[in-house]
Amino acid sequence: MRGNNMPRHTSPFLFALLASAATLLSVGDALVVDGLQVGFYGKTCPAAEGVISDIVNNEIAMDRGISPGLIRLFFHDCFITGCDASILLDESPAGDVPEKESSANGFTLVGLRTIDIAKSTVEGMCPGKVSCADILAFAARDAAVAAGLPRYEVAAGRRDGMRSNMDDLPGNFPVPGHHVPRLTELFSQRGLSQEDLVLLSGAHSIGGAHCFMFSNRIYNFSQDADVDPTLDPEYAKWLRQMCPPRQPGDDPEQAPKVKFDAQTGERLDVAYYSELLARRGLLTSDNALIEDPQTRAMVENFARNEPLWQQKFSQAMQKVGMLDVLIGEGKGQVRKQCRLVNGQEKEEKQQQPQEEQEEQQPPELEEEEQQQPHQPQLPWFLQRQRPPVLLPWLRPHPRPRRPFRKHPVADLVNGFFRGFH
Ligand code: HEM
157 MRGNNMPRHT SPFLFALLAS AATLLSVGDA LVVDGLQVGF YGKTCPAAEG
207 VISDIVNNEI AMDRGISPGL IRLFFHDCFI TGCDASILLD ESPAGDVPEK
257 ESSANGFTLV GLRTIDIAKS TVEGMCPGKV SCADILAFAA RDAAVAAGLP
307 RYEVAAGRRD GMRSNMDDLP GNFPVPGHHV PRLTELFSQR GLSQEDLVLL
357 SGAHSIGGAH CFMFSNRIYN FSQDADVDPT LDPEYAKWLR QMCPPRQPGD
407 DPEQAPKVKF DAQTGERLDV AYYSELLARR GLLTSDNALI EDPQTRAMVE
457 NFARNEPLWQ QKFSQAMQKV GMLDVLIGEG KGQVRKQCRL VNGQEKEEKQ
507 QQPQEEQEEQ QPPELEEEEQ QQPHQPQLPW FLQRQRPPVL LPWLRPHPRP
557 RRPFRKHPVA DLVNGFFRGF H
């Protein structure tokens with residue numbers, strides 16, 4: 157934190173944050189960059205944080221599933237190459253297959269459109285000022301608050317990265333089949349403690365998982381048991397009803413999704429921990445938290461004390477938001493669109509074959525129109541990017557999603573990566 161630029165209204169809670177940040181610096185010096193600031197956009201775009209909050213709340217009002225989606229997006233972004241909005245990139249200028257295409261993300265990401273709407277709105281208000289990485293951090297907080305968490309401060313000043321590569325995930329990212337030792341190791345590599353692991357896993361009190369993420373627990377579990385014996389048998393029976401066995405040729409995108417917490421699945425609360433203790437943890441990695449004696453003690457503690465968990469969960473989210481952040485003019489950029497590095501669209505256009513470029517030209521003008529006095533105008537493809545005048549939530553998607561370029565070894569890597577067993 158910048159000591160001299162501290163916001164005037166420094167709350168006691170912020171002091172708690174500063175204390176936790178200081179601890180974090182001593183844990184993983186290389187991973188946490190000092191210099192984020194609460195109220196960072198106070199001069200450059202004062203309305204940004206409020207407008208983002210309005211958009212997020214509006215989106216959640218229309219679809220409750222956006223709330224877990226945004227929290228997960230934020231975690232997935234920060235855990236890999238830091239909070240640089242690399243998870244949002246559709247394409248990488250280096251030609252790498254982006255993080256989005258990894259099997260840990262893929263079609264299971266939710267909330268991308270909300271970030272696009274927030275970005276295009278804020279960009280219309282204060283062009284080039286508010287980074288996608290900060291929008292994601294604000295949006296994740298707003299999503300958590302909408303799901304019942306008390307509001308916490310989000311320090312800002314992150315800049316956006318310029319690369320995204322799905323190969324960064326295998327070996328660095330937790331997968332549903334992991335147990336506590338491996339989870340702890342991965343978290344500690346990112347400067348996060350075992351307690352952070354237990355605290356943040358509490359995000360699984362909202363949202364859900366597609367059946368194929370845990371189907372190994374309910375079908376053909378081992379040579380001796382069809383169903384994972386650590387599951388409550390009634391719960392396992394219900395899961396089998398929700399998730400019929402997969403048939404060859406089933407489209408994973410159509411796979412059913414099951415709520416982590418069937419009782420209070422739209423509220424970010426400690427019911428997740430009680431469910432774990434009742435042997436109703438959905439993923440192997442959730443259930444693992446009650447098998448290890450150290451993490452089990454934390455689970456029992458949080459299950460009993462919601463205010464404690466809420467406070468510590470907020471602090472853990474703030475810690476996540478500081479991972480490997482890019483700060484200062486010399487680092488990264490403030491993207492114009494969260495899905496593309498600045499200038500990428502123009503470069504791509506230049507590289508397109510001649511016929512494709514011709515196909516995209518506007519139709520020939522009638523002779524009469526051609527005779528109109530010349531009006532100085534932006535090239536047509538830049539005009540299309542101007543902020544539209546529609547209300548943000550009615551706007552069409554700012555840029556149609558393109559299919560990912562196929563990586564020659566993508567399937568192979570993904571196969572290894574899933575790592576259920
Ligand atoms: C500890 C290791 C973790 C593993 C192995 C893990 C794995 C998963 C998996 C497999 C899903 C289901 C995705 C789907 O099928 O759509 C999921 C969902 C989710 N995860 Fe995690 N996760 C972990 C930690 C976290 C953390 C630390 C957070 C946030 C701080 C988080 C937030 C979420 C949320 C909110 C969802 C629900 C998403 C939705 O319904 O759209 N997870 N996670």
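First residue of the sequence shown? That's 157 in the numbering used here, and the numbers climb one at a time after it. Every residue gets a Cβ at the ideal spot worked out from N, C-alpha and C, and that includes glycine. Predicted model, so just to flag it, every value in this text is computed and none were measured.
Asked	Found
What does the alpha-carbon distance come out to for the pair M398 and N461?	31 Å
Between the alpha carbons of S361 and Y428, how many angstroms are there, rounded?	5 Å
Thinking S441 and H366 are a contact (beta carbons under 8 Å), I'd like their distance in whole angstroms, please.	At roughly 15 Å, the Cβ-Cβ gap does not stay under 8 Å, so S441 and H366 are not in contact.
Using beta-carbon positions only, say whether I222 and T277 come within less than 8 Å of one another.	no
Classify F263 as buried or exposed, calling it buried when 16 or more other Cβ atoms lie within 10 Å of its own Cβ.	exposed
Just curious, the alpha helix (DSSP H) that A148 is in, first and last residue?	Because the chain in this structure spans residues 157 to 577, residue 148 falls outside the shown range and cannot be described.
Considering only C-alpha positions, which residue in the set E431, Q500, N498, G488 is nearest to T237?	G488
Can you tell me where the beta strand (DSSP E) holding V414 begins and where it ends?	413 to 415
Is it the case that the Cβ atoms of V455 and V354 are separated by a distance below 8 Å?	yes
Given the structure, does G304 come close to ligand 1, in the sense that its CB is under 7 Å from one of the ligand's heavy atoms?	no
Roughly how many angstroms lie between the CA atoms of R297 and L342, to the nearest whole one?	23 Å
Would you check whether ligand 1 has a heavy atom nearer than 7 Å to the C-beta of I211?	no
Shorter than 7 Å, the distance from the beta carbon of A359 to the closest heavy atom of ligand 1, or not?	yes
From E247 to N443, what does the alpha carbon distance come to, in whole angstroms?	35 Å
Start and end of the alpha helix (DSSP H) containing Q397?	389 to 398
Report buried or exposed for Q500, applying the criterion of at least 16 other Cβ atoms within 10 angstroms of its Cβ.	buried
Tell me whether the segment 346 to 353 and the segment 272 to 286 touch, counting them as touching only if at least three CB pairs, one residue from each stretch, are closer than 8 Å.	no
Can you tell which of D382, C201, A217, I227 has the C-alpha that lies nearest to the C-alpha of Q474?	I227
Can you check which of these residues, K199, M478, D219, is closest to L348 by C-alpha distance?	M478
Rounding to the nearest angstrom, what Cα-Cα distance links F294 and P389 in this structure?	40 Å
For Q528, does the three-state DSSP call read helix, strand or coil?	With a pLDDT of 40 at Q528, under the threshold of 50, the modelled position of this residue cannot be trusted, and the question is left open.
When the Cβ atoms of the segment 315 to 324 are set against those of the segment 249 to 264, are three or more pairs found closer than 8 Å?	yes
Taking the alpha carbon of K395 as the reference point, which residue from V497, E409, N372, F196 has its own alpha carbon closest?	According to the sequence provided, residue 395 is Leu. The question's Lys does not apply to it. The option with the nearest alpha carbon to L395 is N372.
Among R319, P332, A217, E215, which residue has its Cα nearest to the Cα of S259?	P332
Using a Cβ-Cβ cut-off of 6 Å (strictly less than) and excluding sequence neighbours within five positions of A289, which residues of its own chain qualify?	C239, D240, A241, R314, D316
Measure the alpha-carbon distance for Y391 versus R436 and round it to whole angstroms.	6 Å
Have a look at G304 and A472 and give me their C-alpha separation to the nearest angstrom.	16 Å
Determine, using beta carbons only, whether A302 and I216 come nearer to each other than 8 Å.	yes
Buried or exposed: which applies to D233, given that a residue is buried once 16 or more other Cβ atoms fall within 10 Å of its Cβ?	buried
Comparing C-alpha positions only, which one of A203, Y375, E409 sits nearest to G265?	According to the sequence displayed, residue 265 carries Leu and not Gly. Checking every option, the nearest Cα to that of L265 belongs to E409.
When burial is assigned at 16 or more other CB atoms within 10 Å of the CB, is S320 buried or exposed?	buried
In three-state terms, what does DSSP make of K199?	coil
What number of angstroms, rounded off, separates the C-alpha of D425 from the C-alpha of S470?	12 Å
Could you work out which residue in P306, N213, G198 is closest to Q467 when comparing CA atoms only?	P306
Going by beta-carbon coordinates alone, are L229 and C494 separated by less than 8 Å?	no
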